[in-house]
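Participant:
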Amino acid sequence: MSLRQVALPIAFVGLVLAVACGEDLVESRSNSEALRPATRILRDGRVDLDLSGTCALAACSVCPSPSFADVIVVGSSTVAVVCYPVQVGRVLRPSTGPVNLNAGTSSMAIDLSGVRTFRGDININSVGSLSVFGSTTTPTLIEGNVNLHAGEVRLYNLIVTGDVSINDNESQSALVDVLVRGNLNVHVENFVGVRTDVFGDFNLNRSRSTISRLSYGENLNIHGAPDSCEDLRSFVDLDGSGTVEDLERANSDDCPAVAGPLPFDLAARFDATGLDVRITGGSGSYDFGMAETGSVFPGWLGEDCLGSDPNFDLCHEGMPASFRLDSVSLLADVVPRTSTLFEALNAGGITFVVYDGPQCYVRGNDPSHYPGCTEL
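Residue numbers (the working numbering): 16 to 391.
1. What beta strand (DSSP E) runs, 3 residues minimum, are completely inside the segment 356–384?
2. For my contact list, Gly112 and Arg134 are in at a C-beta cut-off of 8 angstroms; report their separation, rounded to the angstrom.
3. Pairs of beta-carbons, one from the segment 206–218 and one from the segment 87–102, closer than 8 angstroms: are there three or more?
4. For Ala336 and Glu318, I'd like the C-alpha separation in whole angstroms.
5. Quick one, which of Ser256, Asp246 and Thr151 has its alpha-carbon nearest Asn266's?
6. If you follow the beta strand (DSSP E) that Asn218 is part of, which residue opens it and which one closes it?
7. Taking three-plus beta-carbon pairs below 8 angstroms as touching, is the segment 358–371 in contact with the segment 288–302?
8. Report the three-state DSSP secondary structure of Leu346 (helix, strand or coil).
9. Per DSSP, what kind of secondary structure is Ala73 in: helix, strand or coil?
10. Measure the alpha-carbon distance for Ser224 versus Gly387 and round it to whole angstroms.
11. Provide the residue(s) that pair with Thr389 in DSSP beta bridges, ordered along the chain.
12. Should Gly8 and Val179 be called a contact, given that it needs their Cβ atoms to be closer than 9 angstroms?
13. Is the segment 52–62 touching the segment 76–85 in the sense that three or more CB pairs, one from each, lie closer than 8 angstroms?
14. Counting C-beta neighbours from all protein chains within 10 Å, is the total for Pro373 16 or more, i.e. buried, or is it exposed?
15. What separation, rounded to the nearest whole angstrom, lies between the Cα atoms of Thr353 and Val368?
16. For Tyr376 versus Phe285, is the C-beta distance shorter than 9 angstroms?
17. I need the DSSP call for Glu233, collapsed to helix, strand or coil.
18. By the three-class DSSP mapping on this structure, what secondary structure does Leu127 have?
19. With DSSP run on the structure shown, which of helix, strand or coil describes Glu7?
20. So Ile157 and Ile139 are in contact, right, with Cβ under 8 angstroms, and what is the actual spacing, rounded?
21. Specify, as a first and last residue, the run of the beta strand (DSSP E) that Pro109 falls within.
22. Helix or strand or just coil, what does DSSP make of Arg134?
23. Which two residues bound the contiguous beta strand (DSSP E) that contains Pro100?
24. Per DSSP, Thr295 forms a beta bridge with which residues?
25. How would you label Leu64, buried or exposed, when you count the other beta carbons within 10 angstroms and need 16 or more for buried?
26. Could you tell me if Leu340 is buried or exposed, where buried requires 16 or more neighbouring beta carbons within 10 angstroms of its beta carbon?
27. In the DSSP assignment, what are the bridge partners of Ala189?
28. Please report the straight-line C-alpha distance between Pro241 and Gly275, rounded to a whole angstrom.
29. Which residues mark the beginning and the end of the beta strand (DSSP E) in which Arg61 is found?
30. Is it buried or exposed for Glu307, if we count other Cβ within 10 angstroms and need 16 for buried?
31. Tell me, to the nearest whole angstrom, how far the beta carbon of Gly149 is from that of Tyr171; I am working on the premise that it is less than 8 angstroms.
32. For Pro4 and Ser110, what's the separation of their Cα atoms in angstroms?
33. Could you tell me the distance, in whole angstroms, from the CA atom of Ser323 to the CA atom of Leu316?
34. Going by the DSSP bridge assignment, what does His331 pair with across the sheet?
35. Using the rule of at least 16 other Cβ atoms within 10 Å of the residue's Cβ for burial, across every protein chain shown, is Phe217 buried or exposed?
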């Protein structure tokens, strides 16, 4: 089983909000508001330990410090950590909806803890990382749909009357202590669903998920082996209470076979200021290079790890599984492991290479630039 984190980065670039006419939207720039003030160990779907304050457990070393956290444990193994860092760029407190986050990159929180019923949809279309918090006691009711289309997005202690859809997110997303009266549609890898009840269909169309104590009322469709799965059961709301009791859950656990060893993969994405890289399935330490193979003019080959440019020979060596290179415009500012001469305008003409020990893997414009490497 692999240990994963779901965390909020601190960087803030910009934000465009589109909200309903007359909405009472309060924005706070404080770095420590609207964050759940507790750390929990959720073992086999139960609250095994509830600690006040930020997390000092060893498992939380994967989180930004300081952070609150939900540490997901199955048996004696920690299978995922959902991180709620203390520092976020912005906190929003809408009293009604809809709320649409349409542009920008930010670490944010939507605090619904003071709202018993939130009326309207929540649509997250472009945001770096965001948590939507209900009350720490009685869950907040969202009368609408929740559509998550970007970033690391977490829902905590909510009841959603409509559907929850998670699409196109390039990193982890999580539902913890959530009740969905409609359907839950997940189209991303690395999804975490814990202590969550779905009255409609549960559709999971990607692999590498973590599931612990999740119930579904209608149809189950899973395409892609999870990393960890325990206590996935159907239920019938016999008493019509709108909640799921243990006696209403089926005896059989519907978990599919879990995933095997993670295949090697490379994801590289430019934004306005640099390049984010995430490598999975390897040893954890890599040499990383790039070649401008798609230019009609002689392209930039000074970072290709092959020494193709006799005047500038650079390879980003010893890189971790997840890292960022800042885009710079001057050759003198290109620093190994830190910066690159490439920028977003070059993205379509770049070939990327990763060396993992004796193996090498290539993806991009012209894989033949790296003969003998495995094409991804």
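Ideal Cβ placement from N, Cα and C applies to all residues, glycine included.
Facilitator: Reading off the structure:
1. Runs found: 365–371 and 374–379.
2. Yes, Gly112 and Arg134 are in contact; Cβ-Cβ is about 6 angstroms, under 8 angstroms.
3. Yes, the segment 206–218 touches the segment 87–102.
4. Cα atoms of Ala336 and Glu318: separation of roughly 19 angstroms, rounded to the nearest angstrom.
5. Comparing Cα-Cα distances from Asn266 to each of Ser256, Asp246 and Thr151, the minimum goes to Asp246.
6. Its beta strand (DSSP E) spans residues Phe217 to Leu219.
7. Yes, they touch.
8. Residue state, collapsed to three classes: helix.
9. Helix.
10. Rounded to whole angstroms, Ser224 to Gly387 spans 33 angstroms at the Cα level.
11. For Thr389, the beta-bridge partners assigned by DSSP are Tyr376.
12. The question about residue 8 has no answer here: the residues shown for the chain are numbered 16 through 391.
13. A contact exists between the segment 76–85 and the segment 52–62.
14. Classification of Pro373: exposed, given that the 10 Å Cβ count is below 16.
15. Val368 has its alpha-carbon roughly 17 angstroms from the corresponding atom of Thr353.
16. In this structure, Phe285 does not lie closer than 9 angstroms to Tyr376 by Cβ.
17. Coil, per DSSP.
18. Correct three-state label for Leu127: coil.
19. Coverage of the chain is limited to positions 16 through 391, which leaves residue 7 absent and any answer about it impossible.
20. About 13 angstroms; that fails the 8 angstroms criterion.
21. In the DSSP assignment, Pro109 falls within the beta strand (DSSP E) that extends over Arg105 to Pro109.
22. The three-state secondary structure of Arg134, taken from DSSP, is strand.
23. Per DSSP, Pro100 is one residue of the beta strand (DSSP E) stretching across Ser92 to Pro100.
24. Beta-bridge pairing links Thr295 to Asp280.
25. Taking all protein chains in view, the Cβ of Leu64 is surrounded by fewer than 16 other Cβ atoms within 10 Å, so the residue is classified as exposed.
26. With 16 or more Cβ atoms within 10 Å of its Cβ, Leu340 is classed as buried.
27. Ala189 is bridged to Arg169 and Val207.
28. Distance between the alpha carbons of Pro241 and Gly275: 9 angstroms.
29. Under the DSSP assignment, Arg61 falls in the beta strand (DSSP E) whose first and last residues are Arg61 to Ser67.
30. Looking at its Cβ environment, which holds 16 or more other Cβ atoms inside 10 Å, Glu307 is buried.
31. Gly149 to Tyr171, Cβ: 6 angstroms. Contact.
32. An answer regarding residue 4 cannot be provided, because it is not within the stretch 16 to 391 covered by the chain.
33. Distance between Ser323 and Leu316, taken at the CA atoms: about 6 angstroms.
34. Phe303, per the DSSP bridge assignment.
35. It counts as buried.
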